[in-house]
Amino acid sequence: MEHHHHHHHGGEKITADLKKIYICAIILNALFVAFEAWMGFHTDSLSLVSDAGHKLVDVFSLGLTLLAFVLSTSRPGRKFTFGFRKLTVIISLLNAVFVVVVAGSIIFESIEKMLDAASLSPDGEAISITAAVGIVVNALSVTLLSHKRKHDVNTRGAFIHMLTDCLLSIGVVIAGFVIKATGFVLLDPIVSLCIAGFILANILGVLVESFKMSIDAVPESIDPAKIEDSMLKVEGVEKINRLHIWPVSTTETALTAEVFVSPGTDRDAVAEVLKARIKEGGIDDSTLELRQSC
Ligand SMILES: [Zn+2]
Numbered sequence: 000m001e002h003h004h005h006h007h008h009g010g011e012k013i014t015a016d017l018k019k020i021y022i023c024a025i026i027l028n029a030l031f032v033a034f035e036a037w038m039g040f041h042t043d044s045l046s047l048v049s050d051a052g053h054k055l056v057d058v059f060s061l062g063l064t065l066l067a068f069v070l071s072t073s074r075p076g077r078k079f080t081f082g083f084r085k086l087t088v089i090i091s092l093l094n095a096v097f098v099v100v101v102a103g104s105i106i107f108e109s110i111e112k113m114l115d116a117a118s119l120s121p122d123g124e125a126i127s128i129t130a131a132v133g134i135v136v137n138a139l140s141v142t143l144l145s146h147k148r149k150h151d152v153n154t155r156g157a158f159i160h161m162l163t164d165c166l167l168s169i170g171v172v173i174a175g176f177v178i179k180a181t182g183f184v185l186l187d188p189i190v191s192l193c194i195a196g197f198i199l200a201n202i203l204g205v206l207v208e209s210f211k212m213s214i215d216a217v218p219e220s221i222d223p224a225k226i227e228d229s230m231l232k233v234e235g236v237e238k239i240n241r242l243h244i245w246p247v248s249t250t251e252t253a254l255t256a257e258v259f260v261s262p263g264t265d266r267d268a269v270a271e272v273l274k275a276r277i278k279e280g281g282i283d284d285s286t287l288e289l290r291q292s293c
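The sequence shown begins at 0 in our numbering and counts up one residue at a time.
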C-alpha cells in the first residue's frame, strides 16, 4: 500500500510537470503562428501562410495531448463507468480529420497559385527571416519536450515532430534565399506543396489508428494472437471463448474473456497466472470468467 501510494504520487508529479511543459510549448508556438501568418499575408508568401497553417495544427495537437492527460486521470462515475478516457480516442480522430482538411486546402491553394504564376510576388528575404525565427521556436520546443520525453509516448512523438519541423524550417530558409537570388517565384507554391505532403505523411498513420481505435479494434501495440497463445499455455486452460480486447483510451487497453479450465483445476490460481500473462502482453485491465469444462 505504502509503495503504491508513492508510485501514484510520482505519476502525478510527472503529469503536473508535463502540463507546464505543454502550456509553455503551446504559448510559444501560438505566438509564432500569429507572427508567421501576418508575415505571410503581408509579403504575399504562400509557403509562410501554409507553414503557419501547419504550425496552427501543431498547436491544436499539443493542446489535445494536454487535454488527453487531463482526461486520462478522470475518475469513473455511475453513468460514465470508464470516466472520460475514451474521449482521447475521439479527439485524436477529430484532430486527424482536421489536419487532413488543412493539408487539402494548402494543396488546393498551391495548385491555384502555380497556375497563375504571373501574379506571384513572394518576398524571398521575408520568407528566410520568418523561417529562421521558426527554427528558433522549434528548437526551443524540442528543448522543452526533451526533458520529459522518456516518460510518455505522446511526448516522444511531439519531440520527434518538433525536430523534423526544425528541418522543414531550414528548408524554407534556403527556399527564401533561392527565391531572392534567382527570382524563381514558383518555388513558393512548390514549398507549400512540400509542406502539405509533409503534414499528410505525418497524419495518415494517426488517422487510420485513431479510426480503428474508435471502433474498438485491438490497439497497434498489442498482439492479440500472442496474448491468446500465452493464455492457452497456462496449465489447466483448455479453451478461450469471447476474447475481447479494446482501447479504453489512447494509452490504456482492456480485456475480457471466458476461459474453460479442466475439471479439478484451482480456478483462483489459474486466474492469477492468466492475469499476469495478460499484463505481460501490455494490458492492465482484464476481466475473466472461468468455467469448468465438462
Ligand atoms: Zn509540425
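All C-beta atoms, glycine included, are put in the ideal place defined by N, C-alpha and C.
Taking only heavy atoms of ligand 1 into account, decide whether any of them is closer than 8 angstroms to the Cβ of lysine 238.
-> Look at lysine 238: its beta carbon is at least 8 angstroms from all of the heavy atoms in ligand 1.
C-beta atoms of valine 217 and isoleucine 244 nearer than 9 angstroms = yes
By DSSP, does leucine 185 sit in helix, in strand, or in coil?
-> coil
Taking Cβ to Cβ, would you say serine 140 is nearer than 9 angstroms to leucine 47?
-> Remark: C-beta atoms of serine 140 and leucine 47 do not approach each other more closely than 9 angstroms.
How would you write the range of the beta strand (DSSP E) that valine 132 sits in, first residue to last?
-> Following the DSSP letters along the chain, one finds valine 132 in no beta strand (DSSP E) but inside the alpha helix (DSSP H) bounded by residues 123-145.
So what does DSSP say about isoleucine 89, is it helix, strand or coil?
-> In the three-state reduction of the DSSP assignment, isoleucine 89 falls in the helix class, which pools H, G and I.
Those residues, in chain order, that have a beta-carbon closer than 6 angstroms to some heavy atom of ligand 1 = His53, Asp57, His160 and Asp164
Should glutamate 219 go down as buried or exposed, given a rule of 16 or more other Cβ atoms within 10 Å for buried?
-> exposed
Looking at the structure shown, is glutamate 219 part of a helix, part of a strand, or coil, going by DSSP?
-> Of the three classes helix, strand and coil, the one that applies to glutamate 219 here is coil, per DSSP.
Return the residue from the list Pro188, Ile159, Val135 and Ala95 that minimises the CA-CA distance to lysine 112.
-> Per the Cα distances, Pro188.
Give me the Cβ distance between leucine 300 and isoleucine 90, rounded to the nearest whole Å; I'm assuming they're in contact under 8 angstroms.
-> Absent from the model: residue 300. The displayed extent of the chain is 0 to 293, so no value can be given.
Bridge partners - lysine 238, DSSP secondary structure assignment = Phe259
Alpha-carbon spacing of valine 56 relative to leucine 143, whole angstroms | 19 angstroms
Bridge-paired residues (DSSP) for isoleucine 244 = Leu254
Helix, strand or coil for aspartate 284, going by three-state DSSP, please let me know.
-> strand
Can you check DSSP and say which residues form a bridge with arginine 290?
-> Phe259
Cα-Cα, which of Ala275, Ser191 and Arg266 is closest to glutamate 227?
-> Ala275
DSSP-derived helix/strand/coil call for glycine 156 | helix
For leucine 17, does the three-state DSSP call read helix, strand or coil?
-> helix
Whose CA, out of Ser71, Ala130 and Gly52, lies closest to the CA of histidine 97?
-> Here the sequence assigns phenylalanine to residue 97, which means histidine is not the residue at that position. Among Ser71, Ala130 and Gly52, the Cα nearest to that of phenylalanine 97 belongs to Gly52.
Per-residue burial, phenylalanine 107 [other beta carbons within 10 Å of its own, 16 or more giving buried] = exposed
Nearest-angstrom Cα distance between aspartate 50 and cysteine 165?
-> 12 angstroms
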